[in-house]
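Working notes for the structure below.
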Amino acid sequence: MKVQVGIIGGGPSGLLLSQLLHLKGIDTIVLEKHSREHVLGRIRAGVLEHGFADLMREAECGARMDREGEIHTGLYIAHDGIRERIDLAKYSGGNSVMVYGQTELTRDLYEARDKAGGIVIHNAGDVQPHGIETDAPYLTWREDGVERRADCEFIIGADGFHGVSRKSIPRGVLREYERVYPFGWLGVLSRTRPVSPELIYARHDRGFALCSLRSQVLSRYYIQVPLSDRVEDWSDDAFWDELRRRLPQDVAEALITGPSIEKSIAPLRSFVAEPMRHGRLFLAGDAAHIVPPTGARGLNSAASDIYYLYHALVDHYHNSDDIGLETYSQRALARIWKAQRFSWWMTMLLHTFPDAIPYDRRLQRTELEYLFSSDMAKGSFAENYVGLPF
Ligand code: FAS
Ligand code: PHB
-17 MKVQVGIIGG GPSGLLLSQL LHLKGIDTIV LEKHSREHVL GRIRAGVLEH GFADLMREAE
43 CGARMDREGE IHTGLYIAHD GIRERIDLAK YSGGNSVMVY GQTELTRDLY EARDKAGGIV
103 IHNAGDVQPH GIETDAPYLT WREDGVERRA DCEFIIGADG FHGVSRKSIP RGVLREYERV
163 YPFGWLGVLS RTRPVSPELI YARHDRGFAL CSLRSQVLSR YYIQVPLSDR VEDWSDDAFW
223 DELRRRLPQD VAEALITGPS IEKSIAPLRS FVAEPMRHGR LFLAGDAAHI VPPTGARGLN
283 SAASDIYYLY HALVDHYHNS DDIGLETYSQ RALARIWKAQ RFSWWMTMLL HTFPDAIPYD
343 RRLQRTELEY LFSSDMAKGS FAENYVGLPF
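See below:
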């Protein structure tokens, strides 16, 4: 088969790009190695920058998000037994974030692709990009035991951190930057009323905690745990007790607990691969970069990659203009590194580090004191959290 754009990966990056290109008459194929149920069984991001929400609307996939998602104009940072609110709207010139789970967003994108008759192949085995340094790249994969091939004009590697596309770029070409953090996040999803109408990021000497939500009847909580912990080490009761210890007393007392319907530990890392293009292969989303979830930049970093790729491919096919493709890696990385910086900064600010010296802990307190005493500092926080311009 022949297709204009071959996309490896049926996560949010690949699906959003496929849907946006479809609406501009550009045909794609999406190759996903797992089943749809497996992809939709993952619990991941929960906060969308306003730019991501706008892209979903442009992809004609924003209706349920606008109906069921929540616009948040502020958030809290708890420390030393108190919590202080940052008015995101006031300090970002009126912008906000959309609280809407990645699982639901991915479901909406799948449904849109199905409705448009998009080609999304699940359980695609051994997907391989070929000829990426030529003008005639192609994809191969195994489907129901049969070898398949798709000749493409461009290949998008949207296959996440463990995918095949980044590894297809010659070692001598790729530069990788990585920082691994000495702790993980234990996350719990529970069918309980959220303890707070807005997110609470908590810094505590026992470790970081986060109170988030998916809706008014579905709560998402996290606590920092040592890398050596396993999820089976944590009963629900042990989780709730530890979460309470890390929250201000009024919040801890208001916490409504319940059985976990999902419980998992995610490691934290910062990672960027440069360049994000090699020949006819373009990397997007987690295939090229990873952030610790502290700044809620993970999924949102994928959004700007998709935005740049979408416009570059439309310019190529509609206007024979390749400036967007030629400058994609440079433009995407410029915004990616600012998201890396903010995610690293929030992680250093709010977590306890095993090797921290008293000076480091005192500096964390000073950073928080400065944040809450300076409108300029709150402005910088807010413009990063709601999303820097694409
Ligand atoms: P994804 O990894 O979502 O999708 C890639 C797809 O490619 C997957 O479906 C995979 O099955 C498929 N694939 C992989 N290899 C393939 C191959 N060889 N052939 C075909 N298909 C292949 N971000 C936040 O903002 N907030 C959070 O709280 C948050 N929590 C997270 C928790 C966890 C455990 C993880 C892993 C990530 C979390 N993230 C969070 C980041 C996450 O949301 C990503 O940024 C987001 O999934 C990126 O989307 P994609 O780039 O589409 O990559
Ligand atoms: C979530 O709701 O899963 C979430 C929210 C904000 C973060 C990380 C995760 O920074």
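Read in order, the letters of the sequence shown correspond to residues -17 to 372 in the numbering used here.
Backbone N, C-alpha and C fix where the C-beta goes; we use that ideal spot for every residue, glycine too.
Predicted, not measured: the structure shown is a model, and the values here were computed from it.
Ordered along the chain, which non-local residues of its own chain (more than five positions away) have a Cβ less than 7 angstroms from that of arginine 313?
Tyr290
If we ignore side chains and look at the alpha-carbon of each, how far apart do aspartate 36 and valine 102 end up?
23 angstroms
Helix, strand or coil at tryptophan 167 according to DSSP, with G and I counted as helix:
strand
Label threonine 348 either buried or exposed according to how many other C-beta atoms from any shown protein chain fall within 10 Å of its C-beta, with 16 as the threshold for buried.
exposed
Straight-line Cα distance separating serine 283 from isoleucine 318
6 angstroms
Identify, in the order they occur along the chain, each residue of the same chain with its Cβ nearer than 6 angstroms to the Cβ of arginine 130, setting aside the five sequence neighbours on each side.
Trp123
Candidates Val109, His144, Gly240 and Ile182: closest to alanine 132 by CA position
Val109
Report the rounded CA-to-CA distance for methionine 38 versus aspartate 219, giving the unit in angstroms.
38 angstroms
With alanine 98 and cysteine 43 assumed to form a contact (beta carbons below 8 angstroms), what rounded beta-carbon distance in angstroms separates them?
Contact flag wrong, Cβ pair sits at about 11 angstroms.
Quick check: the segment 81 to 93 against the segment 13 to 22, are there 3 or more CB pairs under 8 angstroms?
yes
Please write down, chain order preserved, every residue whose beta carbon lies under 5 angstroms from a heavy atom of the ligand PHB.
Gly28, Val29, Ser194, Arg202, Pro275 and Ala278
Residue from His293, His300, Ala285 and Thr10 with nearest C-alpha to histidine 369:
It should be noted that the sequence gives glycine, not histidine, for residue 369. It is Ala285.
Could you compute how far the alpha carbon of tyrosine 204 sits from the alpha carbon of cysteine 193?
7 angstroms
Inspect the beta-carbon positions of isoleucine 25 and glycine 189 and report whether they are closer than 9 angstroms.
no
Judging by CA-CA distance, which residue of Thr10, Leu13, Val81 and Asp62 is the nearest neighbour of glycine 378?
With the chain covering -17 to 372 only, the question about residue 378 has no answer from this structure.
From what residue to what residue does the alpha helix (DSSP H) around arginine 49 run?
45 to 50
Output the boundary residues of the alpha helix (DSSP H) element that contains methionine 80.
No alpha helix (DSSP H) holds methionine 80; the beta strand (DSSP E) holding it covers 79 to 81.
Could you work out which residue in Asn105, Asp117 and Leu353 is closest to valine -13 when comparing CA atoms only?
Asp117
Between which residues of its own chain and phenylalanine 363 is the CB-CB distance below 8 angstroms, once the five residues before and five after are set aside?
Ile68, Tyr73 and Leu353
So, at 6 angstroms on beta carbons, what are the nonlocal neighbours of glutamate 351 in its own chain, with the 5 sequence-adjacent residues on each side left out?
none
Just how far apart, CA to CA, sit serine 252 and glutamine 1?
29 angstroms
According to DSSP, residues forming a beta bridge with lysine -16:
Asp133
Does the distance between the C-beta of alanine 118 and the nearest non-hydrogen atom of the ligand FAS fall short of 8 angstroms?
no
Within 9 angstroms, strictly: CB atoms of glycine 28 and arginine 202:
yes
Does the Cβ of tyrosine 159 have 16 or more other Cβ atoms within 10 Å, making it buried, or fewer, making it exposed?
exposed
Can you list, in chain order, the residues of its chain with a C-beta nearer than 6 angstroms to that of lysine 381? Leave out the 5 residues immediately preceding and following it.
Residue 381 lies beyond the range of the chain shown here (-17 to 372); nothing can be said about it.
I need the DSSP call for aspartate 219, collapsed to helix, strand or coil.
helix
Can you name, in chain order, every residue of its own chain whose Cβ lies under 6 angstroms from the Cβ of alanine 255, other than the five neighbours on each side?
Arg148, Leu156, Glu158 and Ala270
Please report the straight-line C-alpha distance between leucine 281 and proline 275, rounded to a whole angstrom.
9 angstroms
Compare the C-alpha of leucine 5 against each of Ile272, Trp326, Leu295 and Asp304 and name the closest.
Leu295
Taking 8 angstroms as the cut-off, is the CB of glycine 56 close to at least one heavy atom of the ligand FAS?
no
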